[in-house]
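Asks: Residue numbers (full-length UniProt numbering): 1 to 332.
Note that CB positions come from ideal geometry on N, CA and C, so glycine has one too.
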């Protein structure tokens, strides 16, 4: 019964707010001062994962247009190089670079983080955009369920591993590209790899991952603030956006709503805005849609969780992500 209510509330809210029409209504109230400022990200080092297509590629374009020194993290080197060249050509920004990393591999995440930390560069923006939705249980290189490995564990591991570089920046921002699907699931901690589902369901697991991203953004911000650090994390929902992933992963949804879907620029608008807006105007740990913090739960949906639940999630992920942590720097 709770699931049916959740679905009904989700579709009602989605048709009103997550569609192209929802964006167009919300955008009438946008203050574009920060978005329209030329070279607003000059001297900012920005990293975007899953950057060679879809929302990741569009986000990369928008950041490069604003003068960012951009690092596009892609799994496939050939497609990644093509994406980097396209962004350079379209934006006229030569300071766009490729980082090849298979985020389903903790060893690859460790290598990426160690390379970055060895460079001594601070990192001003990390956009954890990479995501997958597989409909059959598939193990990652480390033996984890692959949706979980990429959607939850990779973003956590990469953020933790890059913390020294994030905290070396003036006020770093980490953005988790979540989904409205998170409204449909509670914070599942005891079954991170969906082993207790009667039948494996990639959509359910994806939605659980997106819920976990929202909780992690909260917790990163809380931990950093408590430590007196200026780095902050946010999560966001791009709305129902037309991407190849949507077409291929949830074709039924795509066919039902394809005339109402947002374009890529509308879908990544809030991500870009979170990168450029005055930090004092942002709510740390919030879940954003169309540049506004949103309620993280639907009324009566039964998805609320406690701080203890997030503590338990954090502890589990720390253990799982340990192989991705960079080796300590040698001492003199």
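Mapping DSSP to helix, strand and coil, what is residue 299?
Replies: On the chain shown, position 299 is the one that residue 299 refers to. If DSSP states are grouped into helix, strand and coil, residue 299 belongs with coil.
Asks: For residue 147 and residue 85, what's the separation of their Cα atoms in angstroms?
Replies: As a first step, residue 147 must be located in the chain shown, where it is residue number 147. As a first step, residue 85 must be located in the chain shown, where it is residue number 85. When rounded, the distance between both Cα atoms is 29 Å.
Asks: Report the three-state DSSP secondary structure of residue 220 (helix, strand or coil).
Replies: Within the chain shown, residue 220 is the residue found at index 220, counting from 1. Reduced to three states, the DSSP call for residue 220 is helix.
Asks: With DSSP collapsed to three states, give me the class of residue 135.
Replies: Taking the first residue of the chain shown as 1, we reach residue 135 at position 135. Correct three-state label for residue 135: coil.
Asks: Which same chain residues end up closer than 7 Å to residue 74 when comparing Cβ atoms and leaving out the 5 residues on each side of it in sequence?
Replies: Your numbering for residue 74 matches position 74 in the chain shown. Contacts found: 51, 52, 80, 83, 98 and 100.
Asks: Does the Cβ of residue 191 have 16 or more other Cβ atoms within 10 Å, making it buried, or fewer, making it exposed?
Replies: Your numbering for residue 191 matches position 191 in the chain shown. Exposed, because fewer than 16 other Cβ atoms sit within 10 Å of the Cβ of residue 191.
Asks: Please tell me whether residue 49 and residue 128 are closer than 9 Å, where the distance is taken between their beta carbons.
Replies: For this step, residue 49 is matched to residue 49 along the chain shown. For this step, residue 128 is matched to residue 128 along the chain shown. In contact: residue 49 and residue 128 (Cβ atoms closer than 9 Å).
Asks: With 16 other CB atoms within 10 Å as the buried threshold, where does residue 290 fall?
Replies: Residue mapping note: residue 290 aligns to position 290 of the chain shown, counting from 1. So residue 290 ends up on the buried side.
Asks: Taking DSSP as the reference, what is the three-state secondary structure of residue 305?
Replies: Here residue 305 refers to the residue found at position 305 of the chain shown. Residue state, collapsed to three classes: coil.
Asks: Whole angstroms are fine: how far does the CA of residue 29 sit from the CA of residue 320?
Replies: Counted from its first residue, the chain shown places residue 320 at position 320. Counted from its first residue, the chain shown places residue 29 at position 29. So the two alpha carbons sit approximately 43 Å from each other.
Asks: What does a CB cutoff of less than 6 Å around residue 154 pick up in its chain, not counting 5 residues either side in sequence?
Replies: Position 154 of the chain shown holds residue 154. Excluding sequence neighbours, residue 154 sits near 103.
Asks: Run through DSSP, which three-state label would residue 319 get?
Replies: In the chain shown, the residue the question calls residue 319 occupies position 319. Here residue 319 sits in helix by DSSP.
Asks: Assuming contact is defined by CB atoms lying nearer than 9 Å, are residue 18 and residue 180 in contact in what I supplied?
Replies: Numbered from its first residue, the chain shown carries residue 18 at position 18. Numbered from its first residue, the chain shown carries residue 180 at position 180. A contact, by the Cβ cut-off of 9 Å.
Asks: Between residue 172 and residue 124, which are expected to be in contact by the criterion C-beta below 8 Å, what is the C-beta distance as a whole number of angstroms?
Replies: Reading the chain shown from its first residue, position 172 is the one you call residue 172. Reading the chain shown from its first residue, position 124 is the one you call residue 124. Confirmed, Cβ separation roughly 6 Å.
Asks: So, does the segment 298-306 touch the segment 266-285, judging by three or more C-beta pairs under 8 Å?
Replies: Taking 8 Å as the limit for Cβ pairs, the verdict is that the segment 266-285 does not touch the segment 298-306.
Asks: Helix, strand or coil: how does DSSP classify residue 291 here?
Replies: Within the chain shown, residue 291 is the residue found at index 291, counting from 1. Coil.
Asks: Give every residue of the same chain whose Cβ lies closer than 7 Å to the Cβ of residue 14, excluding the five residues on either side of it in the sequence, and list them in chain order.
Replies: Walking along the chain shown from the start, residue 14 turns up at place 14. Once the five neighbours on either side are set aside, the close Cβ partners of residue 14 are 180 and 240.
Asks: Are the CB atoms of residue 67 and residue 43 nearer to each other than 9 Å?
Replies: Locating residue 67 in the chain shown gives position 67, where the first residue counts as 1. Locating residue 43 in the chain shown gives position 43, where the first residue counts as 1. Yes, they are a contact pair.
Asks: On the premise that residue 106 lies in contact with residue 324, defined as a C-beta separation below 8 Å, what is that separation, rounded to the nearest angstrom?
Replies: As a position in the chain shown, residue 324 is number 324, starting the count at 1. As a position in the chain shown, residue 106 is number 106, starting the count at 1. Correct: roughly 4 Å between the Cβ atoms.
Asks: How should residue 198 be labelled, buried or exposed, when 16 other C-beta atoms within 10 angstroms of its C-beta is the threshold for buried?
Replies: By 1-based counting over the chain shown, the position of residue 198 is 198. So residue 198 counts as exposed.
Asks: CA-CA distance, residue 55 and residue 7?
Replies: Walking along the chain shown from the start, residue 55 turns up at place 55. Walking along the chain shown from the start, residue 7 turns up at place 7. So the two alpha carbons sit approximately 25 Å from each other.
Asks: Within the continuous alpha helix (DSSP H) that includes residue 255, where are the two ends?
Replies: The sequence position of residue 255 within the chain shown is 255, counting from 1. Here the alpha helix (DSSP H) through residue 255 covers 251-257.
Asks: Beta-carbon separation of residue 288 and residue 274 under 9 Å?
Replies: One-based indexing of the chain shown puts residue 288 at position 288. One-based indexing of the chain shown puts residue 274 at position 274. In contact: residue 288 and residue 274 (Cβ atoms closer than 9 Å).
Asks: In the DSSP assignment, the beta strand (DSSP E) including residue 236 goes from what residue to what residue?
Replies: For this step, residue 236 is matched to residue 236 along the chain shown. Per DSSP, residue 236 belongs to the beta strand (DSSP E) from 232-236.
Asks: Spell out a yes or no on whether the segment 56-65 and the segment 260-269 are touching, meaning 3 or more CB-CB pairs, one atom from each, closer than 8 Å.
Replies: Because the criterion of three Cβ pairs below 8 Å is met, the segment 56-65 and the segment 260-269 touch.
Asks: Which term fits residue 32, buried or exposed, when burial requires 16 or more other beta carbons within 10 angstroms of its beta carbon?
Replies: The sequence position of residue 32 within the chain shown is 32, counting from 1. The residue is exposed, with fewer than 16 neighbouring Cβ atoms inside 10 Å.
Asks: Would you list the residues sitting across from residue 71 in a DSSP beta bridge?
Replies: On the chain shown, position 71 is the one that residue 71 refers to. Its beta-bridge partners are 47 and 97.
Asks: Can you give me the start and stop residues for the beta strand (DSSP E) that residue 126 sits inside?
Replies: Along the chain shown, one-based indexing puts residue 126 at 126. Unbroken beta strand (DSSP E) run through residue 126: 125-128.
Asks: By DSSP, does residue 12 sit in helix, in strand, or in coil?
Replies: Looking up residue 12 in the chain shown gives position 12. Note: residue 12 maps to helix in three-state DSSP.
Asks: Do residue 231 and residue 174 have their beta-carbon atoms positioned less than 9 Å apart in this structure?
Replies: Here residue 174 is taken as the residue at index 174 of the chain shown, counted from 1. Here residue 231 is taken as the residue at index 231 of the chain shown, counted from 1. Cβ atoms of residue 174 and residue 231: closer than 9 Å.
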